[in-house]
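Under this note's numbering, residues 17 to 214 are what the sequence shown spells out, in order.
Heads up, the beta-carbon is just placed ideally off N, CA and C, and yes, glycines get one too.
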Amino acid sequence: AAPSGAPAAATSAPGEEAAATGDAGSTLVIAISEDTASLDPGRAFETLPSIIHKATYQTLVTFPPDSVESVIPNLAKSWEISEDGLTYTFMLDENATFANGSAVTAEDVVFSFNRMKNLTGNPSFLASGIASVEAPDASTVVLTLSAPDPSILAKLVFGAFSVVSKADVTANGGTDGADAATADTAETWLNSNSAGSG
17 AAPSGAPAAA TSAPGEEAAA TGDAGSTLVI AISEDTASLD PGRAFETLPS IIHKATYQTL
77 VTFPPDSVES VIPNLAKSWE ISEDGLTYTF MLDENATFAN GSAVTAEDVV FSFNRMKNLT
137 GNPSFLASGI ASVEAPDAST VVLTLSAPDP SILAKLVFGA FSVVSKADVT ANGGTDGADA
197 ATADTAETWL NSNSAGSG
């Protein structure tokens, strides 16, 4: 028996041991108090898609688990910021691959950012200060701002800046063209499929 005043030993409820060990066949149920309008990273702006995107997509940078004060590498292994604060040059992790096995390239990043901006969906305002996104080579992304934005790295953590496979999204009706708001039809496919590297 436990000494007087000491807490009793903890016991597991039925099924807790299987859940704790991750045994095959166990189920994780997540309750959330809202629905989602879209799982397309270029359109979604609710809580639930953000949770799903963190598991299925990657962004150039992310927050460490214990802080939101600074960002750490994710798809970008490093980056440089120009003295005037207008140009961010990201060097991609050359080992990064999408779930389909293809390499993540700078062209995928350019496509993803331009698509999100041109869809003019709920999160597109986050890209309003981006003047251009370019890929001088397969592993380098150059992001140019229209004015200095000290919060841009924090914005890039948001799921709207998830990098999608250009090949997969375009094969399913996606476009990053200026007419994406009306011409892009990939949302239905992205609501049921991931085009990410997470």
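Is it the case that the Cβ atoms of residue i and residue j are separated by a distance below 8 angstroms?
{"i": "residue 142", "j": "residue 197", "result": "no"}
{"i": "residue 155", "j": "residue 99", "result": "no"}
{"i": "residue 161", "j": "residue 170", "result": "no"}
{"i": "residue 74", "j": "residue 179", "result": "yes"}
{"i": "residue 91", "j": "residue 120", "result": "yes"}
{"i": "residue 56", "j": "residue 207", "result": "yes"}
Spell out the partners DSSP gives residue i in its beta bridges.
{"i": "residue 148", "result": "160"}
{"i": "residue 184", "result": "Looking at the DSSP assignment, residue 184 forms no beta bridge with any residue, so it has no partner."}
{"i": "residue 96", "result": "105"}
{"i": "residue 89", "result": "77"}
{"i": "residue 113", "result": "119"}
{"i": "residue 153", "result": "156"}
How big is the Cα-Cα spacing for residue i and residue j?
{"i": "residue 211", "j": "residue 78", "result": "19 angstroms"}
{"i": "residue 17", "j": "residue 69", "result": "In this prediction, residue 17 scores a pLDDT of 47, lower than 50, which makes its location untrustworthy; the coordinate-derived value is nonetheless stated afterwards. When rounded, the distance between both Cα atoms is 48 angstroms."}
{"i": "residue 194", "j": "residue 42", "result": "45 angstroms"}
{"i": "residue 201", "j": "residue 65", "result": "19 angstroms"}
{"i": "residue 165", "j": "residue 85", "result": "16 angstroms"}
{"i": "residue 182", "j": "residue 104", "result": "22 angstroms"}
{"i": "residue 184", "j": "residue 94", "result": "26 angstroms"}
{"i": "residue 186", "j": "residue 199", "result": "11 angstroms"}
{"i": "residue 49", "j": "residue 174", "result": "21 angstroms"}
{"i": "residue 12", "j": "residue 204", "result": "With the chain covering only 17 through 214, there is no way to say anything about residue 12."}
{"i": "residue 163", "j": "residue 145", "result": "7 angstroms"}
{"i": "residue 81", "j": "residue 151", "result": "30 angstroms"}
Assuming residue i and residue j make a contact with CB atoms under 8 angstroms, what is their CB distance in whole Å?
{"i": "residue 76", "j": "residue 172", "result": "5 angstroms"}
{"i": "residue 115", "j": "residue 213", "result": "7 angstroms"}
{"i": "residue 58", "j": "residue 132", "result": "4 angstroms"}
{"i": "residue 126", "j": "residue 87", "result": "Not quite, the Cβ-Cβ distance comes to about 20 angstroms (not below 8 angstroms), so this is no contact."}
{"i": "residue 61", "j": "residue 138", "result": "4 angstroms"}
{"i": "residue 122", "j": "residue 153", "result": "7 angstroms"}
Would you decide whether residue i is buried or exposed? Buried here means 16 or more other CB atoms lie within 10 Å of its CB.
{"i": "residue 176", "result": "buried"}
{"i": "residue 83", "result": "exposed"}
{"i": "residue 71", "result": "exposed"}
{"i": "residue 47", "result": "exposed"}
{"i": "residue 96", "result": "exposed"}
{"i": "residue 140", "result": "buried"}
{"i": "residue 167", "result": "exposed"}
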